[in-house]
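Enquirer: Numbering (our numbering), first residue to last: -16 to 456.
Every residue, glycine too, gets a C-beta built ideally from N, C-alpha and C.
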Ligand code: BGP
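Structure, rendered in structure tokens:
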């Protein structure tokens, strides 16, 4: 029942969600710094201005992570800290900050797993069209190279992008993330293609530097399953997976796009501009991509929409991940099911769906190296006599680690698991109320840190290499 010695037990965060210090030491403004100023875009209009002040408390936080026995820490670099306006001068103080984080991790033997883009784009680039502008591709590759050169001697795992479907989907279809545009499928597909091109070019640049590390990207992994055996709903399942899985993984792992989706994009006038040199970069980078990261929270249960799709007004509330929305193309809807379990935020709890999804992925792509780069339970943790008793989180992570072990035993190549999140942090659309961490942050008392029940539990699981997990009998 033990995980192998090389398997990494980790936890994750993202810069905007923990750092704060949004204008300190030369950092430039990001698209998020601006977007959150629009009333109603975030829960109770929360912003990342202070977040959990990790910028000033990183030593304390990493010391706690080390005490928890964390073997690896996934964090992101804020592009506007490194290159404040996106393309110009490099900000040495930004480089210094991440050097400190990396060195602090290494001093405890924690493997740094670095995400280059976890959604905070330099504002200047957003103003010029963000990910729909091909100039952003070059800007990203330049930024990535600066990071490889500054950190690549010690960082051996780089994730280029986090969850393209989320920042592009929310950015150009739901209007819930910057740049806040709604119902523009053509822009959405252009943005995704530009991101894949930027990934491919960054992979090529990384391999050229011969730093002998691994590079890949992370997707949110929400496999679609039909609500029943009805042939229409089964069609919806395949359709949803073509758009939600194959559109995202094929260009990275195979270097091209799924014909099924291309045909529909052609028919509906949504085809992005794909330059020949980008096509070439995708083909050349695909075999060099070292892993894919999967952020798994929940599967999606789908049902075909026959006839006219209902109109749902876009809002923050219906962009927070709970089922109940029609798909952007009006072909199917996601639904809650009576026999399933859900979190307080309406996300399905399904370790079984995780295993099924991993099998599906193996069928599609064969023996690909994978890391689970996010998985966790968003909850309002109970505090009993001063102790944070996050037992539901323990159960959630237990069951998902058991699912990971099962998939590994079936031959899925998973090399590590990163719980979301190492510490309580700012949820993009749900403020501070939705907690995920092993470490509690007391917003009433000076952002004091406190170990939760799950902190001690995860430590024991890491120590036993998973042997003490509660496996079903
Ligand atoms: C993922 C993001 C994370 C984190 C997580 C939880 O999509 O990569 O940054 O936010 O979801 O989401 P939420 O805070 O909305 O519950």
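(1) In the structure shown, what three-state DSSP assignment does residue 385 receive?
(2) Under 6 Å Cβ to Cβ from residue 271, same chain only, skipping five residues before and after it: list those, please.
(3) Is it the case that the CB of residue 410 approaches a heavy atom of the ligand BGP more closely than 6 Å?
(4) Using only the heavy atoms of the ligand BGP, determine whether one of them is closer than 6 Å to the beta carbon of residue 2.
(5) By the DSSP assignment, the alpha helix (DSSP H) with residue 276 in it spans what residues?
(6) List the endpoints of the continuous alpha helix (DSSP H) containing residue 204.
(7) Would you list the residues sitting across from residue -14 in a DSSP beta bridge?
(8) Under DSSP, the beta strand (DSSP E) around residue 354 begins and ends at which residues?
(9) Taking only three categories from DSSP, how would you classify residue 430?
(10) Per the contact definition of three or more C-beta pairs closer than 8 Å, is the region 368 to 386 in contact with the region 13 to 24?
(11) Report the rounded CA-to-CA distance for residue 226 versus residue 242, giving the unit in angstroms.
(12) Does DSSP put residue 475 in a helix, a strand or coil?
(13) Using the DSSP secondary-structure output, state which residues sit across from residue 286 in a beta bridge.
(14) What's the gap between the Cα of residue 427 and the Cα of residue 419?
(15) For residue 206, I'd like the list of residues in its chain whose CB is within less than 6 Å of its CB, leaving aside the five on either flank, ordered along the chain.
(16) Where residue 309 and residue 75 are concerned, what is the direct C-alpha to C-alpha distance, given to the nearest angstrom?
(17) Closer than 6 Å to a non-hydrogen atom of the ligand BGP - does that hold for the CB of residue 413?
(18) Could you please give me the residues that DSSP links to residue 324 through a beta bridge?
(19) Whose C-alpha, out of 12, 28, 42 and 237, is nearest the C-alpha of residue 262?
(20) So which of 257, -13, 52 and -1 has the shortest CA-CA distance to residue -7?
(21) Please name the residue or residues paired with residue 57 in a DSSP beta bridge.
(22) Under the DSSP definition of a beta bridge, which residues are partnered with residue 309?
(23) Using only the heavy atoms of the ligand BGP, determine whether one of them is closer than 6 Å to the beta carbon of residue 203.
(24) Please tell me whether, using a cut-off of 6 Å, the distance from the CB of residue 149 to the nearest non-hydrogen atom of the ligand BGP is below it.
(25) Are residue 437 and residue 377 closer than 7 Å when you measure CB to CB?
(26) Between the region 201 to 219 and the region 153 to 163, can you find at least three pairs of beta-carbon atoms closer than 8 Å?
(27) Pull up the DSSP beta-bridge partners for residue 165, would you.
(28) Count the C-beta pairs between the region -6 to 6 and the region 134 to 142 that are closer than 8 Å, then say yes if the count reaches three, no if not.
(29) Please report the straight-line C-alpha distance between residue 13 and residue 2, rounded to a whole angstrom.
(30) How many Å lie between residue 359 and residue 8 at the Cα?
(31) Is residue 145 helix, strand or coil by DSSP?
(32) Could you tell me the alpha carbon to alpha carbon distance between residue 391 and residue 454, rounded to whole angstroms?
(33) Between residue 145 and the ligand BGP, is there a pair consisting of the residue's CB and a ligand heavy atom that are separated by less than 6 Å?
(34) Do residue 96 and residue 140 count as a contact pair if the criterion is CB distance below 7 Å?
(35) For residue 198, I'd like the list of residues in its chain whose CB is within less than 6 Å of its CB, leaving aside the five on either flank, ordered along the chain.
(36) Just to confirm before moving on: does the CB-CB distance between residue 100 and residue 144 stay below 7 Å?
Expert: Result, derived from the coordinates:
(1) As a working note, residue 385 is residue 402 in the chain shown. If DSSP states are grouped into helix, strand and coil, residue 385 belongs with the helices.
(2) As a working mapping, residue 271 is identified with position 288 in the chain shown. Taken in chain order, the residues that qualify are 186 and 190.
(3) On the chain shown, residue 410 is found 427 positions in, with the first residue counted as 1. At least one heavy atom of the ligand BGP is nearer than 6 Å to the Cβ of residue 410, so yes.
(4) Translated into positions along the chain shown, residue 2 becomes position 19. Answer for residue 2: no, Cβ out of range of the ligand BGP.
(5) Counted from its first residue, the chain shown places residue 276 at position 293. Not the alpha helix (DSSP H): residue 276 falls in the beta strand (DSSP E), residues 274 to 278.
(6) Counting from 1 along the chain shown, the entry for residue 204 is found at position 221. Run containing residue 204: none; DSSP gives neither H nor E here.
(7) Here residue -14 corresponds to residue number 3 of the chain shown, with the count starting at 1. Beta-bridge pairing links residue -14 to no other residue.
(8) Looking up residue 354 in the chain shown gives position 371. Element bounds for residue 354: 353 to 357.
(9) For the purposes of this step, residue 430 is identified with residue 447 of the chain shown, where counting begins at 1. Of the three classes helix, strand and coil, the one that applies to residue 430 here is coil, per DSSP.
(10) no
(11) Position 243 of the chain shown holds residue 226. Position 259 of the chain shown holds residue 242. Rounded to whole angstroms, residue 226 to residue 242 spans 11 Å at the Cα level.
(12) Because the chain is modelled from -16 through 456, residue 475 falls outside the range shown and cannot be assessed.
(13) As a working mapping, residue 286 is identified with position 303 in the chain shown. In the DSSP output, where bridge partners are listed per residue, residue 286 has 316.
(14) As a working mapping, residue 427 is identified with position 444 in the chain shown. As a working mapping, residue 419 is identified with position 436 in the chain shown. Cα to Cα, the separation comes out at about 18 Å.
(15) By 1-based counting over the chain shown, the position of residue 206 is 223. These residues qualify, in order along the chain: 282, 340 and 343.
(16) For the purposes of this step, residue 309 is taken as the residue at position 326 of the chain shown. For the purposes of this step, residue 75 is taken as the residue at position 92 of the chain shown. Going by the C-alpha atoms only, they are around 46 Å apart.
(17) For this step, residue 413 is matched to residue 430 along the chain shown. Residue 413 Cβ: within cutoff of the ligand BGP.
(18) For this step, residue 324 is matched to residue 341 along the chain shown. Paired residue(s): 332.
(19) Residue mapping note: residue 262 aligns to position 279 of the chain shown, counting from 1. Of the listed residues, the one whose Cα sits closest to residue 262 is 237.
(20) For the purposes of this step, residue -7 is taken as the residue at position 10 of the chain shown. The residue with the shortest Cα to Cα distance from residue -7 is 52.
(21) Within the chain shown, numbered from 1, the residue matching residue 57 stands at position 74. Residue 57 is bridged to -5 and 96.
(22) Numbered from 1 along the chain shown, position 326 holds the residue referred to as residue 309. According to DSSP, residue 309 bridges with 316.
(23) As a first step, residue 203 is located in the chain shown; it is residue number 220 there, counting from the start. Residue 203 Cβ: within cutoff of the ligand BGP.
(24) Along the chain shown, one-based indexing puts residue 149 at 166. Yes, since a heavy atom of the ligand BGP falls inside the 6 Å radius drawn around the Cβ of residue 149.
(25) Position 454 of the chain shown, counting from 1, holds the residue named residue 437. Position 394 of the chain shown, counting from 1, holds the residue named residue 377. Yes, they are a contact pair.
(26) no
(27) On the chain shown, residue 165 is found 182 positions in, with the first residue counted as 1. The partner list for residue 165 (beta bridge, DSSP) reads 157.
(28) no
(29) One-based indexing of the chain shown puts residue 13 at position 30. One-based indexing of the chain shown puts residue 2 at position 19. Their Cα atoms are separated by approximately 13 Å.
(30) Within the chain shown, numbered from 1, the residue matching residue 359 stands at position 376. Within the chain shown, numbered from 1, the residue matching residue 8 stands at position 25. About 32 Å.
(31) The residue labelled residue 145 in the question sits at position 162 within the chain shown. Residue 145: strand per DSSP, three-state reduction.
(32) For this step, residue 391 is matched to residue 408 along the chain shown. For this step, residue 454 is matched to residue 471 along the chain shown. Rounded to the nearest angstrom, the two C-alpha atoms are 15 Å apart.
(33) Reading the chain shown from its first residue, position 162 is the one you call residue 145. Flag set: Cβ of residue 145 near the ligand BGP.
(34) Translated into positions along the chain shown, residue 140 becomes position 157. Translated into positions along the chain shown, residue 96 becomes position 113. Yes, Cβ-Cβ distance for residue 140 and residue 96 is below 7 Å.
(35) Against the chain shown, residue 198 aligns to sequence position 215. Cβ within range, chain order: 141, 186, 189 and 273.
(36) Mapped onto the chain shown, residue 100 falls at position 117. Mapped onto the chain shown, residue 144 falls at position 161. It is a contact, given that the beta carbons lie within the stated cut-off.
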